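Chemist: Per this note's numbering, residue 5 is the first one in the sequence shown, and the count goes up by one each step. C-beta: ideal position from N, C-alpha, C; glycine also. All figures in this text were calculated on a predicted structure; none of them were measured in a lab.
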Amino acid sequence: MKRQRGFTLIEILVAVTVISLLLSTIYGVFSTTSEAKRKVEEKAAAVHLGRVLFSRIDRELLGLSLSTDPRQTVLEGGRNDRGEPYLAMLSNAGEGPLEGLARIRYRLVAGDDTDPDAGLWRDSGAAYQPAEEMIPSRLSGLVEAFSLRFNDGGGWRQSWDSSRDGIPKLVEVSLRLKLGDGSLPLHTIFQPPRGGTP
């Protein structure tokens, strides 16, 4: 009579080792793919946010008031007395209860991740309403940097006041958005309406 023989301990250990290596390889592939997918989705969301912010600024710049009153500041930008970059305008692109001519100001409040006020803010109010009565709304806490440059046809400048300089030919807006452990720089250039001036 033949004796039935099972697997030896060495054969079982080899089989378990092979299966463990196979499963850990599969897990590594899935975790790497999952991490890559997460990073792509995070970057896509940041790019979308940048596109939405640029689109909003563009719409409001295109609605810029073409007032010829030299005392009226239609477009102003640079840094305020707290050192915050800002862009202020008198625009026909108001919305909601502020439809029609509205005063709009974008500003960056610097801070870290724990600061609930840090990020890009948009203040809006009626055209002739004092600045301190404007309604603030935080657009995004992911904006780390907001910078502006204005082109007068002869070169780029860091600040602008339309009551003194007229309407610039170009406005460059740069954003830097938080992205995981790094950041994503985004830039665009707008051409505001100039009311028939060359």
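Please go through the same chain and pick out, in chain order, the residues whose beta-carbon is closer than 7 Å to the beta-carbon of residue 38, but skip the five residues on each side of it.
Modeler: none
Chemist: Is the beta carbon of residue 109 sitting closer than 7 Å to the one on residue 90?
Modeler: Their beta carbons are under 7 Å apart, which means residue 109 touches residue 90 by this criterion.
Chemist: Return the chain-ordered ranges of every beta strand (DSSP E) run that is complete within the stretch 49 to 129 and spans a minimum of 3 residues.
Modeler: 79 to 83, 89 to 98 and 104 to 113
Chemist: Indicate the three-state DSSP secondary structure (helix, strand or coil) for residue 154 in the structure shown.
Modeler: The answer is strand: DSSP assigns residue 154 an E or B state.
Chemist: Judging by CA-CA distance, which residue of 195, 165, 150 and 179 is the nearest neighbour of residue 87?
Modeler: Out of 195, 165, 150 and 179, 150 has the C-alpha closest to the C-alpha of residue 87.
Chemist: DSSP state of residue 23, grouped into three classes?
Modeler: helix
Chemist: What is the C-beta distance between residue 171 and residue 78, in whole angstroms, given that I count them as a contact (C-beta under 8 Å)?
Modeler: 7 Å
Chemist: Restricting to Cα atoms, I'd like to know which of 182, 168, 63 and 9 is closest to residue 53.
Modeler: Cα-wise, what sits closest to residue 53 is 182.
Chemist: How is the alpha helix (DSSP H) around residue 166 delimited, first residue to last?
Modeler: Element bounds for residue 166: 166 to 169.
Chemist: With a CB to CB cut of under 6 Å and the five nearest residues on each side skipped, what residues in its chain are close to residue 127?
Modeler: 109, 138 and 140
Chemist: Output the distance between the C-alpha atoms of residue 160 and residue 121, rounded to the nearest integer angstrom.
Modeler: 30 Å
Chemist: Helix, strand or coil for residue 28, going by three-state DSSP, please let me know.
Modeler: Of the three classes helix, strand and coil, the one that applies to residue 28 here is helix, per DSSP.
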